[in-house]
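Engineer: Note that this note's numbering gives residue 251 to position 256 of the sequence shown, counting from 1, and the numbers run on in steps of one.
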Amino acid sequence: MLSTPTRFIESFEKKASRIENHLINTSERALKQLSKQESRLQKKLRKKDPLLAKQLFGQSVAKYQSLQSDLTNKASKFTGRADYIPFLDTITTAIRFLQHYKALAHNSMIHQSLEQLNSMQHRFEQSKSIQQYLYSRQQYLKERLGKLNMIKELKQYDKKLYYYQAQIAVYKDLLKQPDKLERKVIDLLSKTNPFQDFMARYSILGSLFTGSSYNTNTPALPGLQSSAQVNSLIQQTTGANNLQALQSNLQQAEPQIQQLKNKINIMGRGADGELPNFRPNQQRVKSFWNRWELGTNLQSTPGNAWLPSATQTGLSAGYKLNDRSVIGVGIAGNIGWSKSVRHIVVSYEGLGARSFVDWKLKGSCWLSAGYEMNYRSAFTRIEQLNRLNKWQQSGLVGISKKYQVSKKLKGSLSLLWDYLSYSQLPRTQPLVFRYGYNIK
């Protein structure tokens, strides 16, 4: 009975640990890259104005080293200054709720999980502080270097900062996508009145907007604040008489908040629209494995005096270099259907090795090219494949149309010209039509 919540706690602890490691590694890499970029800027500026170069970059190395040093230190207590993530709030509150379940009260795993959550949130807080510093640094350099017509020299700095911010956003999105186990546990807990009351009192959002029907004098649990304490803090800091007044003010300020969020979203590009020709490569912020797409396709070959009619089935794996180009490899197998519909005999008629490149032209149209080697005879032993004279070369170029079937599935139609078909013996068809599907 306790296996599900135990697995849930252990699973999310591992997830939080992975995200924390990603945050540390990404921040360290970004700081090193931007520090090197500033060193290059300093060298160029020193040729024009040595005094200004010393003034602008004299303390930057120490500051970058200080930020990197903070990343290597053990995470301190989370102060709550990072961005609010609804699902993370729910998960944290759920784990705290399970901590008070009798059968799990003395489970050390819960304490470790809460410590890991605190550590991960602290790293998000750190990354936010780093982004704020880098953005202010970016604007300061643009202001000073702009007077010397050196804005172009900041282009690489701007790009690296943009990708750093985009990568942090990806890690944050991971916490907005619960897996099956997390969703199952939260759904089960949400159906119980004790958990609903607990969420209303002790979650971040619930503490701010708890109605009067809840007892605000309930003592706070260790590490948590009661609604009364939160209300008192709000009154001291904002002067609001109660939470209802604050909520009303927040609703009135919603349009202004949205405008501010829109400005923050383009923070890395600058307020004046810098990098007008910069097209971000969205693949750069994805992990190595998430940049691969698997595919399958079919191709029919009519029969002739030497070869039976056949269907070639291919499997491929493509790696996305960027949003506009994909390179990959694949294999194919030929299934023969004999020479007459009256005498259909299914047979294995060889295999093929493929390589390909796809480059996006416009919209859903792609330019496709590839090189293939096909063994067009049936074989019974692997040794037979060593006979090179049995392999035929194909050089393909043509147009492909890729269309969306579902969120993770794409269809593809390809019309290709085999410009090496004319030199093949036996000769094969020069035009190749293939259709298939790709899985992201």
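Just so you know, even glycine gets a beta-carbon here, dropped at the ideal spot from N, CA and C. Please read these numbers as outputs of a predicted model, since none were measured by experiment.
Which residue's Cα is closest to the Cα of GLU15: ASN68, PRO0, LEU47, LYS43?
Structural biologist: Along the sequence shown, read from residue 1 onward, the residue named residue 15 stands at position 20. Nearest C-alpha to GLU15: ASN68.
Engineer: In whole angstroms, what is the alpha-carbon distance linking SER320 and LYS49?
Structural biologist: Here residue 320 refers to the residue found at position 325 of the sequence shown. Here residue 49 refers to the residue found at position 54 of the sequence shown. Their backbone Cα atoms lie some 43 Å apart in a straight line.
Engineer: Following the continuous beta strand (DSSP E) through GLU288, name the residue where it begins and the one where it ends.
Structural biologist: By 1-based counting over the sequence shown, the position of residue 288 is 293. Counting along the chain, the beta strand (DSSP E) containing GLU288 begins and ends at 287 to 296.
Engineer: Does the contact criterion of 3 or more C-beta pairs under 8 Å hold for the segment 409 to 424 versus the segment 282 to 290?
Structural biologist: Counting Cβ pairs under 8 Å, fewer than three are found: no touch.
Engineer: For the putative contact between LEU391 and GLY365, defined by C-beta atoms under 8 Å, what is the C-beta separation to the nearest angstrom?
Structural biologist: Stepping through the sequence shown from its first residue, residue 391 is reached at position 396. Stepping through the sequence shown from its first residue, residue 365 is reached at position 370. 4 Å between Cβ atoms; contact.
Engineer: If you pair each beta-carbon of the segment 26 to 37 with each one of the segment 191 to 200, do three or more pairs fall below 8 Å?
Structural biologist: With the cut-off at 8 Å, the segment 26 to 37 and the segment 191 to 200 do not touch.
Engineer: Three-state secondary structure (DSSP) at ASP44?
Structural biologist: What you label residue 44 is simply residue 49 of the sequence shown in a count that begins at 1. The answer is coil: DSSP assigns ASP44 none of H, G, I, E or B.
Engineer: Just the Cα atoms here: how many angstroms apart are GLN387 and ILE330?
Structural biologist: Within the sequence shown, numbered from 1, the residue matching residue 387 stands at position 392. Within the sequence shown, numbered from 1, the residue matching residue 330 stands at position 335. If I take the Cα positions, the gap works out to 17 Å.
Engineer: State yes or no: is the C-beta of HIS117 within less than 9 Å of the C-beta of ALA70?
Structural biologist: The residue given as residue 117 occupies position 122 in the sequence shown. The residue given as residue 70 occupies position 75 in the sequence shown. Contact: yes.
Engineer: Could you name the residues of the same chain whose beta carbon sits closer than 8 Å to that of PHE190, not counting the 5 residues immediately before and after it, in chain order?
Structural biologist: Position 195 of the sequence shown, counted from the first residue, corresponds to residue 190. Here the set comprises ALA89, PHE92, LEU184.
Engineer: Leaving out five residues on either side along the sequence, give the residues of the same chain with a beta carbon under 8 Å from the beta carbon of TYR430.
Structural biologist: Within the sequence shown, the letter at position 435 stands for residue 430. If we look at TYR430 and ignore the five residues flanking it on each side, its Cβ neighbours are ASN292, LEU293, GLY406, SER407, LEU408, SER409.
Engineer: For GLY358, count the other beta carbons within 10 Å of its own beta carbon; 16 or more makes it buried, fewer makes it exposed. Which is it?
Structural biologist: Numbered from 1 along the sequence shown, position 363 holds the residue referred to as residue 358. Exposed, since its Cβ has fewer than 16 Cβ neighbours within 10 Å.
Engineer: Per DSSP, what kind of secondary structure is SER71 in: helix, strand or coil?
Structural biologist: One-based indexing of the sequence shown puts residue 71 at position 76. SER71 falls in the coil class under three-state DSSP.
Engineer: Give the secondary structure of SER304 by DSSP, where H, G and I count as helix, E and B as strand, and everything else as coil.
Structural biologist: Along the sequence shown, read from residue 1 onward, the residue named residue 304 stands at position 309. Note: SER304 maps to coil in three-state DSSP.
Engineer: Rank ASN113, SER124, LEU136 by C-alpha distance to the C-alpha of GLU55 and give the top, closest one.
Structural biologist: Position 60 of the sequence shown, counted from the start, is the residue given in the question as residue 55. The question names Glu, but residue 55 is Ser in the sequence shown. Closest by alpha carbon: LEU136.
Engineer: Please classify GLY141: does DSSP put it in a helix, a strand, or coil?
Structural biologist: If you number the sequence shown from 1, residue 141 lands on position 146. DSSP places GLY141 in helix when its eight states are reduced to three.
Engineer: Check this for me: beta carbons of GLU177 and ILE86, under 9 Å apart or not?
Structural biologist: As a working mapping, residue 177 is identified with position 182 in the sequence shown. As a working mapping, residue 86 is identified with position 91 in the sequence shown. Contact: yes.
Engineer: Quick one: is ASN381 buried, meaning 16 or more other Cβ sit within 10 Å of its Cβ, or exposed?
Structural biologist: Walking along the sequence shown from the start, residue 381 turns up at place 386. Label assigned to ASN381: exposed.
Engineer: Give, in chain order, every unbroken run of the alpha helix (DSSP H) that is at least 4 residues long and sits entirely within the segment 136 to 200.
Structural biologist: Listed in chain order, the complete alpha helix (DSSP H) runs (minimum 4 residues) inside the segment 136 to 200 are 150 to 169, 175 to 185, 188 to 197.
Engineer: Which same chain residues end up closer than 7 Å to TYR166 when comparing Cβ atoms and leaving out the 5 residues on each side of it in sequence?
Structural biologist: Taking the first residue of the sequence shown as 1, we reach residue 166 at position 171. Only ILE14, HIS17, LEU18 meet the Cβ criterion.
Engineer: Taking the C-alpha atoms as reference points, what is the distance between LEU438 and LYS155?
Structural biologist: In the structure displayed, the chain extends from -4 to 435; residue 438 sits before or after that span and is not available.
Engineer: Would you mind stating whether LEU346 and ASN369 have Cβ atoms separated by less than 9 Å?
Structural biologist: Here the question's residue 346 lines up with position 351 in the sequence shown. Here the question's residue 369 lines up with position 374 in the sequence shown. It is a contact, given that the beta carbons lie within the stated cut-off.
Engineer: The beta strand (DSSP E) with PHE428 in it runs from where to where?
Structural biologist: Counted from its first residue, the sequence shown places residue 428 at position 433. Looking at the DSSP string, the run of the beta strand (DSSP E) that includes PHE428 is 426 to 434.
Engineer: Quick one: measure Cβ to Cβ for PHE82 and LEU169, integer angstroms, because I've assumed they're closer than 8 Å.
Structural biologist: Position 87 of the sequence shown holds residue 82. Position 174 of the sequence shown holds residue 169. Their Cβ separation, rounded to whole angstroms, is 10 Å, which puts PHE82 and LEU169 out of contact at 8 Å.
Engineer: With distances taken Cα to Cα, identify the nearest neighbour of TYR130 among SER108, TYR159, ASN144.
Structural biologist: Within the sequence shown, the letter at position 135 stands for residue 130. The candidate whose alpha carbon is nearest that of TYR130 is TYR159.
Engineer: Cα separation between ALA312 and LYS43?
Structural biologist: In the sequence shown, residue 312 corresponds to position 317, counting from 1. In the sequence shown, residue 43 corresponds to position 48, counting from 1. Cα to Cα, ALA312 sits roughly 51 Å from LYS43.
Engineer: Going by C-alpha to C-alpha distance, which of GLY325, MET145, GLN399, LEU362 sits closest to ARG35?
Structural biologist: Translated into the one-based positions of the sequence shown, residue 35 becomes position 40. Checked all of GLY325, MET145, GLN399, LEU362; the closest Cα to ARG35 is MET145.
Engineer: Return the CA-CA distance between PRO275 and GLN424, expressed in angstroms with no decimal places.
Structural biologist: Position 280 of the sequence shown, counted from the start, is the residue given in the question as residue 275. Position 429 of the sequence shown, counted from the start, is the residue given in the question as residue 424. If I take the Cα positions, the gap works out to 41 Å.
Engineer: Is ASP318 helix, strand or coil when you go by DSSP?
Structural biologist: The residue you call residue 318 lines up with position 323 of the sequence shown. Of the three classes helix, strand and coil, the one that applies to ASP318 here is coil, per DSSP.
Engineer: Counting C-beta neighbours from all protein chains within 10 Å, is the total for PRO0 16 or more, i.e. buried, or is it exposed?
Structural biologist: On the sequence shown, position 5 is the one that residue 0 refers to. Label assigned to PRO0: buried.
Engineer: Hey, how far is the Cα of TRP436 from the Cα of ASP84?
Structural biologist: Coverage of the chain is limited to positions -4 through 435, which leaves residue 436 absent and any answer about it impossible.
Engineer: Let me check one thing: in DSSP terms, what residues is ASP437 bridge-paired to?
Structural biologist: Nothing about residue 437 can be read from this structure; the chain reaches only from -4 to 435.
Engineer: Helix, strand or coil, according to DSSP, for GLN32 in the structure here?
Structural biologist: By one-based count along the sequence shown, residue 32 stands at place 37. Here GLN32 sits in helix by DSSP.
Engineer: Which residues does DSSP pair with GLY328 in a beta bridge?
Structural biologist: On the sequence shown, position 333 is the one that residue 328 refers to. According to DSSP, GLY328 bridges with THR308, LEU346.
Engineer: Relative to the C-alpha of ILE80, which candidate in VAL352, LEU200, GLU378 has its C-alpha closest?
Structural biologist: Here residue 80 refers to the residue found at position 85 when the sequence shown is read from its first residue. Here the closest residue by C-alpha is LEU200.
Engineer: Where ILE326 and ASN317 are concerned, what is the direct C-alpha to C-alpha distance, given to the nearest angstrom?
Structural biologist: Along the sequence shown, one-based indexing puts residue 326 at 331. Along the sequence shown, one-based indexing puts residue 317 at 322. Whole-angstrom Cα-Cα distance: 23 Å.
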